[in-house]
Amino acid sequence: MAGVKPIISYEVIATDNEQEENNEVQLAYSMEEKHTYTYKKLVVPMSMRSQYWRYFGFPATKEGEILTKIKIVCILCRTQIAYNRNTSNLRMHLQNKHSSELMELEANRPPKQQYVQQNMKERRAQKKLLKSTTYIHTTNIDGTVQIDGNLQYVTDPNVSFASLEDDLSLETPLRIAMKNASTSKDQQQQQQLSYVISDDGDIQHAESRDINNLMTEVAVMDMQLPNFVEGPGFSRFMTMLGSTYDIPSKSKLETELIPNMYNKYKNYLVNVLNKVSTDIGLTIEEWKSSNDEYFITISMFYQNSEEAAMETKVLTTVHAPREWGTGQWDNFIELFLYEWNLTQEKITAVVVATTLQDLLNALTSRGFILIPCLLYTLQECAQECFEHPRVKEILVACRIIVGVMTAKTGGGEKESLEEQETYYEQVEENTLTMDYPGIWTSTHNMLQQIIAKKNYIETLLVSKSESEGGELDWTGIKFAPEDWSTMEDLVMALEPLKVIILTLVEERIPMISLLKPILWQLESVHLGTKPSDSSLVRGFKYQISQKLNDRYESGEIINMLQIATTLDPRFKQLPYASEEEKAESMKEIKETIKKYIHVDERKSASKEPANKKSRLSGMENLFKDFNSKKTRTTISDKAELEMVQYQGESGEPLGSCPIGWWTKLSAKCPYLYKLATHYNCVPVCCAPSTRIHPDAQIIYNLKRAAIPTHLVDKMIFLNCNHTVSPSV
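At position 171 of the sequence shown (counting the first as 1) the number is 171 in UniProt numbering, and the numbers step up by one without a gap.
Quick look at the structure:
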């Protein structure tokens, strides 16, 4: 359609509410018994003032009459969505399809206008003005409209385009001049906002922008390397779809699209985090790429002030040179805190998963409380067991067996069809999975599988070792009875650690208050020696116990864990500590909230104006001798009252959320709630709850390790923070 100009029209128009409700008009009836409405405009009634309507409108006739209120149309992608009489689905569509526009829309949200009381005369004049603009704005355009994917093509010869800029957009609408058209005075007073896009440039530009955004989101959400857009499989997929879209190149993704999205999200996140009033917890996780380069990722945990939930935001990922000393790391910490506008006073503790001693020294010298990451510590415990000389040899043999059995895809040429079918059945029944050494639970699972298939593997080892020139090379692999015993002992010793991880997986918010009960459970039950334990099992248990004690033995850590657990209502009745230890913790908690109360009272006193001494009333003067001493609630009394109220509350079930419990109690115990929030922002491990499961850890670690160095910070930031929105 040469010379045809597609138009997307968004109008702010006053309308009659009663007329809107009766405007359902059936214009056409098409195939498959679906109603088709031919519309010329997308309009928004004056009564719908939400900011989200900027990108939506109701289909309307050329006179501006709304055809249907069942569906609304997005002016960005022309998608039709159901209208449910609120803006929830509008915002959801923007969040899923146009996150950048949503971010800009809500970041630039105008402040609420102050209400100014009007007198009766002004209100009547305002009401009269509104009544005069209750009708849909109309223009004298007698053209035709053809619907193609919700695009509107105006072919009216009376329409000319007064200006056409290369950067035409929603912010710079195209002016329209009417030939031989007349408009009434009332129509000129009505408010209209139209956006016109040329078919040969701006529609393609808008579509290209959407495709670019989608490709960027695919890369960051799935942690795909940017070169996926140039892969033959992806190219074939796009060809099969018959797509004519201009897919961005690998270079454009790396140098333009991903950096632009990163800068936009980072600037917005900085503004969001500046408004966080509660204390925060930081995590530092060390990891290694597939190129043997070391990095650290720093994340921030804090309690959402609007709902009972812990939020996690990745802040930065940086290269971690092994040769850096304490001085260099101290400079880095200084710059990091400045960049994100963080103060040390707001940081409750730093959960660390690293072996970089100079980094730890730099953090300690600044006065940070360092808590070892539980997942990282359990990995260290298991790894020490795997380094046992006998276990090390067995693991090498196990990996060879799993590798050869996995690679074996068919029987020998001399085997009959029946023998091959039998072999396939055996392989299917005895499938083994190779471990991922970076996640110790995968090694534990591999050993469990091998032990479960003991008879099959022994038969296979014997049959193949006795047949020279067999297709499977079992040279040097033979499990003695003591080898099987070693595997069984190792699996049994590590089983409690695996149960802990699976327990954390079920936790919606794995907070630091869990750590004390977990360590108590391990020491008092699982790591205690039993008469039936072999010497190897005793050795494994001793190694694990020593490692845990070494990591969490400092007085600073013990004190923090004790207070955090005391403030967790789920563990009120749990004997994780002696009564003396619990009483000492309650005493320290009381002293802390006394400080909170004292600070608040000083602030209140400084704000109150000095009042003149008031005259005594008759009753006060009559009974002044009996009421000479006025009772005054002291700071200690207020603190004691909150402590008694907290102790009088019943405990919560172990599977409940302590943050929600404290939110409900905040009005009754405001200072205890503040102290609980101080500790609840510290996680038990560096990984968020969605990444604690071993399978999720493996998938994430493999993808993360493959990211090229120059994109590491941006890709990890966007992948973990992609759901960032002003609702945070």
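Cβ coordinates follow ideal geometry from the N, Cα and C atoms, glycine included. Remember, predicted model here, so these are calculated numbers, not experimental data.
Could you tell me the distance, in whole angstroms, from the CA atom of residue i to the CA atom of residue j?
{"i": "residue 568", "j": "residue 46", "result": "50 Å"}
{"i": "residue 298", "j": "residue 314", "result": "6 Å"}
{"i": "residue 142", "j": "residue 44", "result": "With a pLDDT of only 33 at residue 142, under 50, the local geometry of the prediction cannot be trusted, and the value read off the model is given with reservation. Using only the alpha carbons, I get a separation of about 22 Å."}
{"i": "residue 706", "j": "residue 289", "result": "6 Å"}
{"i": "residue 503", "j": "residue 78", "result": "46 Å"}
{"i": "residue 571", "j": "residue 657", "result": "12 Å"}
{"i": "residue 687", "j": "residue 548", "result": "19 Å"}
{"i": "residue 690", "j": "residue 354", "result": "21 Å"}
{"i": "residue 666", "j": "residue 673", "result": "5 Å"}
{"i": "residue 437", "j": "residue 720", "result": "24 Å"}
{"i": "residue 262", "j": "residue 717", "result": "8 Å"}
{"i": "residue 303", "j": "residue 332", "result": "26 Å"}
{"i": "residue 704", "j": "residue 291", "result": "12 Å"}
{"i": "residue 17", "j": "residue 81", "result": "With a pLDDT of only 42 at residue 17, under 50, the local geometry of the prediction cannot be trusted, and the value read off the model is given with reservation. In a straight line, the C-alpha of residue 17 is about 21 Å away from that of residue 81."}
{"i": "residue 132", "j": "residue 66", "result": "Confidence at residue 132 is low in this model, with a pLDDT of 48, below 50, so the placement of that residue should be treated as unreliable; the coordinate-derived value is given next. Distance between the alpha carbons of residue 132 and residue 66 is about 19 Å."}
{"i": "residue 506", "j": "residue 554", "result": "29 Å"}
{"i": "residue 439", "j": "residue 641", "result": "48 Å"}
{"i": "residue 649", "j": "residue 566", "result": "13 Å"}
{"i": "residue 293", "j": "residue 562", "result": "38 Å"}
{"i": "residue 456", "j": "residue 492", "result": "22 Å"}
{"i": "residue 55", "j": "residue 74", "result": "6 Å"}
{"i": "residue 546", "j": "residue 398", "result": "28 Å"}
{"i": "residue 361", "j": "residue 233", "result": "49 Å"}
{"i": "residue 272", "j": "residue 107", "result": "10 Å"}
{"i": "residue 713", "j": "residue 99", "result": "20 Å"}
Under a CB-based cut-off of 8 Å, is residue i close to chain D?
{"i": "residue 546", "result": "No chain D appears in the structure shown, which is made up of a single protein chain."}
Just verifying my parser: in three-state terms, what is the DSSP assignment at residue i?
{"i": "residue 278", "result": "coil"}
{"i": "residue 302", "result": "strand"}
{"i": "residue 459", "result": "helix"}
{"i": "residue 258", "result": "helix"}
{"i": "residue 658", "result": "helix"}
{"i": "residue 451", "result": "helix"}
{"i": "residue 446", "result": "helix"}
{"i": "residue 319", "result": "strand"}
{"i": "residue 294", "result": "strand"}
{"i": "residue 311", "result": "strand"}
{"i": "residue 353", "result": "strand"}
{"i": "residue 698", "result": "helix"}
{"i": "residue 406", "result": "helix"}
{"i": "residue 635", "result": "helix"}
{"i": "residue 167", "result": "Its pLDDT being 42, under 50, residue 167 is placed unreliably by the model, and nothing is read from it."}
{"i": "residue 370", "result": "strand"}
{"i": "residue 211", "result": "helix"}
I'd like the list of long-range same chain contacts for residue i, defined as Cβ closer than 8 Å, with 5 residues on each side in sequence excluded.
{"i": "residue 486", "result": "390, 391, 394, 536"}
{"i": "residue 227", "result": "250"}
{"i": "residue 433", "result": "402, 442, 445, 446, 449"}
{"i": "residue 215", "result": "229, 247, 248, 253, 257"}
Give a yes or no on whether the C-beta atoms belonging to residue i and residue j are separated by under 8 Å.
{"i": "residue 693", "j": "residue 221", "result": "no"}
{"i": "residue 329", "j": "residue 358", "result": "yes"}
{"i": "residue 675", "j": "residue 589", "result": "yes"}
{"i": "residue 230", "j": "residue 250", "result": "yes"}
{"i": "residue 671", "j": "residue 593", "result": "yes"}
{"i": "residue 441", "j": "residue 681", "result": "no"}
{"i": "residue 668", "j": "residue 645", "result": "yes"}
{"i": "residue 336", "j": "residue 312", "result": "no"}
{"i": "residue 643", "j": "residue 560", "result": "no"}
{"i": "residue 382", "j": "residue 522", "result": "no"}
{"i": "residue 651", "j": "residue 573", "result": "yes"}
{"i": "residue 59", "j": "residue 39", "result": "yes"}
{"i": "residue 529", "j": "residue 516", "result": "no"}
{"i": "residue 478", "j": "residue 461", "result": "yes"}
{"i": "residue 309", "j": "residue 659", "result": "yes"}
{"i": "residue 320", "j": "residue 345", "result": "no"}
Please list, in chain order, all residues of the same chain as residue i whose beta carbon is under 7 Å from its beta carbon, the five residues on each side excluded.
{"i": "residue 683", "result": "281, 283, 301, 351, 510, 511, 512"}
{"i": "residue 519", "result": "548, 552"}
{"i": "residue 238", "result": "247"}
{"i": "residue 634", "result": "none"}
{"i": "residue 678", "result": "279, 348"}
Among the residues of its own chain, which have a CB less than 6 Å from the CB of residue i, if the five just before and after it don't count?
{"i": "residue 368", "result": "350"}
{"i": "residue 435", "result": "442, 443, 446"}
{"i": "residue 223", "result": "703, 719"}
TODO: Write down every uninterrupted run of the beta strand (DSSP E) in the UniProt domain "BED-type" (47 to 105) whose length is 3 residues or greater and which is fully enclosed by it, in chain order.
DONE: Counting whole runs of 3 or more residues, the UniProt domain "BED-type" (47 to 105) contains the beta strand (DSSP E) stretches 56 to 60, 71 to 74, 80 to 82.
Open item on the list: Could you tell me which whole alpha helix (DSSP H) segments of length 4 or greater appear in the stretch 487 to 568?
Closed with: 515 to 521, 535 to 551, 555 to 566
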